[in-house]
Amino acid sequence: MDGIMSKNNSEYLIERNDNIYEVVIGLEVHAQVTSNSKLFSSSSTKFGAEPNTQVSLVDAAFPGMLPVINEYCIKQAIKTGIGLKAKINNKSVFDRKNYFYADLPQGYQISQYKYPIVGEGNVILDMPEGQKQVGIERLHLEQDAGKSIHDVDPSNTLVDLNRSGVALMEIVSKPDLRSPDEVNAYIKKLRSIMRYLGTCDGNMQEGSLRADVNVSVRIKGSTDLGTRCEIKNVNSIKFMQMAIIYEANRQVDLIEEGEEIDQETRLFDTKKNETRSMRSKEDAHDYRYFPDPDLLPLEITDEFIDQLKSEIPELPDDKKKRFIDEFKISPYEATILVSDIDTAKYFEEVVAKMGKNRDMKLAVNWITGELFAVLNNKNIEIAHSPISAKNLAKLINLIKNGTISGKIAKTIFELMMDGDIDPQIIVEEKGLKQQSDPKALEALIDKIINDNREKAIEYKQGKEKLFGFFVGQAMKASGGKANPQLINEILKRKL
Amino acid sequence: MTDITSLSLFELIKNIKEKKISSNEATKSFVDRSEKSKKLNAYVTENFENCLKLSKEFDNKPNYDLKLPGIPIAVKDLFCTNEVRTTAGSNILNNFVPSYESTITQNIWNEGGILLGKLNCDEFAMGSSNETSFFGNVQNPIAKDLVPGGSSGGSSSALAANLTPVTIGTDTGGSIRQPASFTGTVGLKPTYGSCSRYGIVAFASSLDQAGPMSKNVKDSSILLEVISSFDKKDSTSIDFKRNNYSSELTRNIKGIKIGIPKEYRVDGMPDEIENLWKKGIEYAKDCGAEIIDISLPHTSYALPTYYIVAPAEASSNLARYDGVKYGLRSSGESLIDMYEKTRSEGFGEEVKRRIMIGTYVLSSGYYDAYYLKAQKVRQLIKKDFDEAYNKVDAILTPSTPSSAFKIGEKSNDPVSMYLNDIFTVPVNLAGLPGISIPAGRDKNNYPLGLQIIGKPFDEQTVLNIAYSMEEKINYKNNISDWWME
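If you're matching them up, the sequences are chains A and B in order. For any residue, its number in our numbering is found by taking its place in the first sequence, counting from 1, and adding 190. For any residue, its number in our numbering is found by taking its place in the second sequence, counting from 1, and adding 12.
Next up, the structure:
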């Protein structure tokens, strides 16, 4: 059999002839630091401004202009390092990475090469087959370049320097990832951690999160690393996955044909769904890194790091553990609820507003069921949910205390969306309160049994399926408001 | 009354404060003399009209509390000046007009100084004779066809010719002290981190330092007091307590220990330099200083170290001149072609040479052997001075291994040109303050200078020693105004 093996987990293997290959992936994620101003200047970083309106003399590299480090960006990088359970380096150095390009005004990018601000750490992925730890090699700070625009003017390239000098964190993973699914989980986890920390908004559409993807293949079971290719600047998880699949298969094909893989930099063409060579190892830039003499080495004290540690919020892994312990929900449910900080916040608010008599099962089901469905359909972030956590908690409590049935609750939920209306008010205005008066229900059921004598006899003779018919009739007669538990009890007694 | 332009800065300030001379009168004198001195080619850009206008404004609303009340001052064309063309002596910035002001020049204007013009210099401050300037050679007023030194050659020439009462230069490997020595004037390179580099066109960031150039030591102390300041816009600027250099200036240096480093007695040093040094030691003794022989063992490595570190930084600092954003742009078929044409036409030979050296020493495979090793040697040179300063308060050496040479004499021999900086370069590598004062003459009657090197941030001691030795030496420039018809 040729092709990709079927799978029921996140494994990704390629079979050719009698060989089974696995893919080895490492990511260099470029995450834009959440900060109002740039890494070495006070210009704004706001997205979507008119071209070249957020450019200082430093960003445009005018003669005699000097970089001055933005302390806030340093704090953000350290916080991210703490979130990655990584070593924070007391001394790090800013280097110049020298190359010429029209959107690189200085003729060099200020980056960190030999001595990054953050060292080794790790990230835990929740995969269907269990947890997987992915190593972090390092995190360093660097400036973003500007943007070259080739498609506006037919004969000129235009340059927008708004991004020039914006702070990026480059987070380099170890080559620990083995499949497109793991890449998906890794990016989402990184994004989640940084959003919890408030250090990167993770917005891939706005380019706040991009990655260079390093791909190599090897015979499954081998411990040697194959020759890798680096796919530059991929800006969505879907494209990363497509690029990996294309690239891994390309490499396997080459090996099977007895050819060598060249170590090179490749580009992913999203339209053709293929990678193609950008430059080979021989053509690789010689960046002539050296310490930037305009900036002193960055020295960070343990006290400074400890202070930042004390400001770190509860992160997804800890939150998940707490949700399981404290709220007795399943690990699967907890994973979903903590994956995004706003979802976790929403859930915790619902839990808090439910009060003493809270029902976790109902809360989880309503959030991950009805609410997620609505948000998905309408493409709304949970932070802008049309139903507030407070009112959803009220709705859940109305179900829990028997005021309304689950079915009625769905009707009320729909009505609540029209301006986040208090469900209690809807219940009262529409008279949707559940009938839980046993006497009234008994009278109602007596009437139904009377009206359907023949069926009642059939039931008694053993046609038990007919029980459902009577429940349905009772609900219908009550306009859906009858308490289903009571109806069951009374019917069982009377029949 | 004596000619205004021959007054020292101190005397000029005194006269203006006592209302004996107005700012406008003073400015007129310097403008007139500058107009008559075009043959020196000291100016790249004149700001005469504007300076006259501003001097009138000062006189209409004088503020005599300022340290430089209405004083016209021409500066090296490496300082960015708001709305006044700033070229760094290069074709690539031929038409560049900054929209901002360097911190140092701003400090001068804040104290009442008025910009008289921008002075010629070696291209991007790379040179020791002012022969690499795109705007042509500068004449040394001492004698015809003599170089004024470099890279602050326009500054030293203008100062010695009395075209400006005082000036500022920049010194990366000797570019203030060597031209001062060649023109019989005083030049001070302060401790690295004392004077902000913000707004100064960068040559080699870890070495560049601006400083005063003047006709006497007192004037340098006045100007240093104005320009030395902590600046948040320069991350290498240092926040230390700065003296009131001029009011704390004293000739009482009794008991001060001055070191004489044996390694500065280099092979092939002319006798007249050796004799000058000996005389200097006697002067220092006369002033009450104690002379101590010291050793700076790594001195001979300073020049090669400098010619790795400085070009490396320069090759990167000059990458921004690419024709994209400002300055010269030559048209090309493609981006790369445009870069190549712009930089080929925009930069002169010496700048290209240093960019190539710098690019080479930073290249992968060569980095460790050159740049990294140079950085290690630089630490050793620094350590030499640290150890010497356990024994002495300052060090006395010649400023240069020779007097001023003829225009064209060394321009085709870069190594012999680089050797000019042999005594000044170690001071930049170690980030120390150093001053050159005129101390004698050679057989041609050309001036020779002595250098006093101090401890970090101890400009006051350096100035005090120079101030007392200056009185004993009693040197006077003898300038004939030969360039005027």
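All residues carry an ideal CB built from backbone N, CA and C; glycine is no exception. All values derive from a computational prediction rather than experimental measurement.
Minimum Cβ-Cβ distance from residue i to chain B less than 8 Å
i	result
residue 480 of chain A	yes
residue 192 of chain A	Here residue 192 of chain A scores only 45 on pLDDT, less than 50, and its place in the model should not be relied on; the value that follows carries that caveat. Chain B contact via Cβ: absent.
residue 298 of chain A	yes
residue 208 of chain A	no
residue 195 of chain A	Because the pLDDT of residue 195 of chain A is 47, which lies under 50, any placement of that residue in the model is unreliable, and the question is left without a value.
residue 483 of chain A	yes
residue 292 of chain A	yes
residue 344 of chain A	no
residue 487 of chain A	no
residue 476 of chain A	yes
residue 503 of chain A	no
residue 613 of chain A	no
Closer than 8 Å to chain A by CB, residue i
i	result
residue 318 of chain B	no
residue 458 of chain B	no
residue 128 of chain B	no
residue 246 of chain B	yes
residue 342 of chain B	no
residue 114 of chain B	yes
residue 338 of chain B	yes
residue 444 of chain B	no
residue 499 of chain B	Nothing about residue 499 of chain B can be reported from this structure: the residues present for chain B run from 13 to 497 only.
residue 498 of chain B	Only positions 13 to 497 of chain B appear in this structure, which leaves residue 498 of chain B out of reach.
residue 13 of chain B	Because residue 13 of chain B carries a pLDDT of 48, less than 50, the predicted location of this residue cannot be relied on, and no value is offered for it.
residue 351 of chain B	yes
residue 64 of chain B	no
residue 347 of chain B	yes
Beta-carbon gap between residue i and residue j smaller than 8 Å
i	j	result
residue 87 of chain B	residue 127 of chain B	yes
residue 214 of chain B	residue 321 of chain B	no
residue 260 of chain A	residue 230 of chain A	yes
residue 649 of chain A	residue 579 of chain A	no
residue 664 of chain A	residue 647 of chain A	no
residue 175 of chain B	residue 45 of chain B	yes
residue 415 of chain A	residue 541 of chain A	no
residue 503 of chain A	residue 217 of chain B	no
residue 225 of chain B	residue 188 of chain B	yes
residue 166 of chain B	residue 150 of chain B	yes
residue 276 of chain A	residue 316 of chain A	no
residue 139 of chain A	residue 373 of chain A	Here chain A comprises residues numbered 191 to 685, so residue 139 of chain A is not present and cannot be evaluated.
residue 481 of chain B	residue 48 of chain B	no
residue 71 of chain B	residue 35 of chain B	yes
residue 397 of chain B	residue 308 of chain B	yes
Residue of the options minimising C-alpha distance to residue i
i	options	result
residue 336 of chain A	A:237, A:203, A:568 and A:550	A:237
residue 101 of chain B	B:318, B:38, B:56 and B:72	B:56
residue 512 of chain B	B:111, B:153, B:77 and B:108	Given that chain B is displayed from residue 13 to residue 497, the structure contains no residue 512 of chain B and the question cannot be resolved.
residue 303 of chain A	A:313, A:294, A:288 and A:297	A:288
residue 163 of chain B	B:196, B:355, B:247 and B:90	B:90
residue 496 of chain A	A:271, A:258, A:214 and A:212	A:271
residue 227 of chain B	B:362, B:467, B:461 and B:471	B:461
residue 281 of chain A	A:487, A:531 and A:349	A:487
residue 430 of chain B	B:473, B:184 and B:308	B:184
residue 549 of chain A	A:588, A:515 and A:565	A:588
residue 6 of chain B	A:294, A:200, A:670 and A:620	Past the edges of chain B, shown from 13 to 497, lies residue 6 of chain B, and the structure says nothing about it.
residue 111 of chain B	B:124, B:121, B:96 and B:103	B:96
residue 349 of chain A	A:292, A:385 and A:591	A:292
Distance cut-off 7 Å: residue i Cβ against heavy atoms of the ligand ZN
i	result
residue 335 of chain B	Looking for the ligand ZN in the displayed structure turns up nothing, as the structure carries no ligands at all.
Residues of the stretch 256-289 of chain B in Cβ contact with chain A at a cutoff of 8 Å, in chain order, please.
none
Residues, ordered as in the chain, of the stretch 263-290 of chain A that lie near chain B by beta-carbon distance below 8 Å:
286, 288 and 290
Check distances from the C-beta atoms of the stretch 365-399 of chain B to those of chain A and list, in chain order, the residues that come in under 8 Å.
371, 374, 375, 376, 379 and 383
Give, in chain order, every residue of the stretch 231-258 of chain A whose Cβ lies closer than 8 Å to some Cβ of chain B.
247, 250, 251, 252, 253, 254, 255, 256, 257 and 258
Chain A contacts from the stretch 304-336 of chain B (Cβ-Cβ distance under 7 Å):
324, 325, 328, 331, 332, 334 and 336
Could you list the residues in the stretch 86-106 of chain B with a C-beta less than 9 Å from some C-beta on chain A, going in chain order?
90, 91, 92, 98, 100 and 105
Chain-ordered residues of the stretch 201-234 of chain B with a beta carbon less than 8 Å from chain A:
209, 210, 211, 212, 213, 214, 216, 217 and 218
Looking at C-beta atoms only, is the number of pairs between the stretch 401-418 of chain B and the stretch 358-377 of chain B that lie closer than 8 Å three or more?
no
For the stretch 293-304 of chain B against the stretch 270-280 of chain B, do three or more pairs of beta-carbon atoms, one drawn from each stretch, fall closer than 8 Å, so that the two count as touching?
yes
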